[in-house]
Structures are given as C-alpha cells and as structure tokens.
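Novice: Below is a structure I'd like to ask you about.
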Amino acid sequence: MFEAPLHLETHSSDKKTSYDQHGPVVTLHDHEARLEVRRGGGGPAVAVAAWTCAWSPQAFSVTAEAVRADPFLADRPLRNKAVLRKRLALVGRGGGVPLVTKALRAQAAGALGVIVVDDGRCRAFDQRCVRGADLAARGELWARGDRPGPWRGVRVPVVLVLAGDAEAHLFLPPLLPPGEE
C-alpha cells in the first residue's frame with residue numbers, strides 16, 4: 001500500500017516566509033470516493049466527493065497538506081517544485097495538457113498525490129465529465145479506457161474533484177519558496 005506521512009511544519013518565528021502559508025490537510029483513501037479536508041484551527045473534517053483515476057495505485061492512504069501547483073494548469077514545467085514536495089498537488093483540468101502529463105509533472109516535483117480540479121464542465125462523475133466512465137451508475141474509475149503506456153510512470157494517487165467543491169474547500173494562493181519566483 002502506498003502510504004505517506006502527515007506532512008506539516010510548525011513555525012514559531014514571527015518572520016513570515018512563503019512557507020508560513022498553509023493549505024488544508026487532505027486525506028485520500030483508495031476505498032473511499034471522497035477526500036477528508038481539514039483546515040487549520042482543529043475543526044471537523046469536511047467530506048468532499050472525489051473520483052479516483054483507474055491508474056492510481058490499487059491501495060493508497062495519503063494525508064498531507066494540499067498546495068496549488070504553479071502554474072495551476074500544469075501546462076508548463078512547475079515553478080513551485082520545492083513547495084509541492086511531500087504535499088498533495090492541486091492542478092487544474094484544461095490548458096490543452098493531458099491529465100497524465102499533469103500527474104507526472106506533480107509527481108516529478110515530489111508530490112505525494114494529485115488532486116485534479118475540474119474546469120467547471122462537470123456536474124457529476126459520469127460520462128459527461130470523463131468519457132467512457134461513470135462512477136455513480138457503474139462504479140467505474142476515470143481514465144480506465146486510456147492507453148496504459150503514458151500512465152505506467154504514475155506512482156501516486158490521482159483523483160478528480162468538482163470545481164465547486166474545490167473552490168469551497170481547497171483553494172489557496174500559489175506558494176513559491178524564497179528565491180524561486
């Protein structure tokens with residue numbers, strides 16, 4: 001089973017850096033069609049519907065901070081690789097880049113998993129959202145009909161969330177480490 005430790009840092013210094021900004025802590029599980037999202041302050045977890053990619057590891061459990069990729073569409077090499085390391089990468093759907101390319105870019109940056117944020121076209125996890133798959137009606141994972149070749153290099157879990165859920169529970173400003181602007 002792919003497991004990742006909780007990755008949080010505490011900052012006791014009054015000096016602010018880009019690392020002082022934290023996103024929500026998110027848990028991904030292979031056996032649940034949802035994310036558990038916790039914001040700072042110790043409040044209760046919020047369940048967010050998620051659709052797992054067919055090419056994700058068969059068994060996984062990852063809990064880590066979720067951070068926006070920069071650029072968000074991952075349509076170019078990622079500029080915030082140091083920030084994505086040991087975190088979950090939030091990437092946007094669209095931009096003319098296959099989802100597998102986005103997943104590989106985030107994985108190469110050291111991300112423990114990838115949360116793909118739909119571009120607003122999806123209303124449900126069905127064939128109108130991803131051709132050839134339907135979670136609600138048939139329990140199918142997305143991308144199951146894709147050619148396996150491009151996905152063989154993906155070793156981290158990849159899930160899709162609806163735009164409205166991401167806006168409500170996951171978005172934060174992109175983070176860049178000092179000197180990487």
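Numbering (UniProt numbering), first residue to last: 1 to 181.
By construction, the Cβ of each residue, glycine as well, lies at the ideal position given by its N, Cα and C atoms.
1. To the nearest angstrom, report how far apart Ala96 and Arg105 are at their CA atoms.
2. Please name the residue, chosen from Phe171, Ala168, Asp134 and Leu90, that lies closest to Ala54 on a Cα-to-Cα basis.
3. Looking at the secondary structure, which residues open and close the beta strand (DSSP E) in which Leu88 lies?
4. Taking the alpha helix (DSSP H) that His169 falls in, what are its first and last residues?
5. Measure the CB-CB distance between Leu28 and Pro157 and report whether it falls below 9 Å.
6. Where does Gly149 sit, in a helix, a strand or coil, going by DSSP?
7. So the beta strand (DSSP E) Val37 belongs to, where does it begin and stop?
8. As a quick exercise: from Val67, Arg38, Ala49 and Ser56, pick the residue whose alpha carbon is nearest that of Lys81.
9. Candidates Thr52, Leu88 and Arg152: which alpha carbon is nearest Phe171's?
10. Run through DSSP, which three-state label would Ala103 get?
11. Which same chain residues, not among the five before or five after His169, have their C-beta less than 6 Å away from its C-beta?
12. Measuring straight from C-alpha to C-alpha, what distance separates Glu65 and Phe125?
13. Take the Cβ of Asp118 as the centre, count every other Cβ of all protein chains shown within 10 Å, and call the residue buried at 16 or more, exposed below.
14. How about Ala143 and Leu99: are their beta carbons less than 9 Å apart?
15. Would you list the residues sitting across from Val46 in a DSSP beta bridge?
16. Hey, could you find the ends of the alpha helix (DSSP H) Val97 is sitting in?
17. Are there 16 or more other CB atoms within 10 angstroms of the CB of Ala74, so buried, or fewer, so exposed?
18. Tell me the DSSP bridge mates of Trp142?
Specialist: Working from what's here:
1. This sequence places Gly at residue 96; Ala is not what is there. About 15 Å.
2. Asp134
3. Leu88 to Gly92
4. Ala163 to His169
5. yes
6. helix
7. Arg34 to Arg38
8. Val67
9. Leu88
10. helix
11. Val37, Val46 and Val48
12. 24 Å
13. buried
14. yes
15. Val37
16. Unbroken run through Val97: none, as it is neither H nor E.
17. buried
18. Cys53
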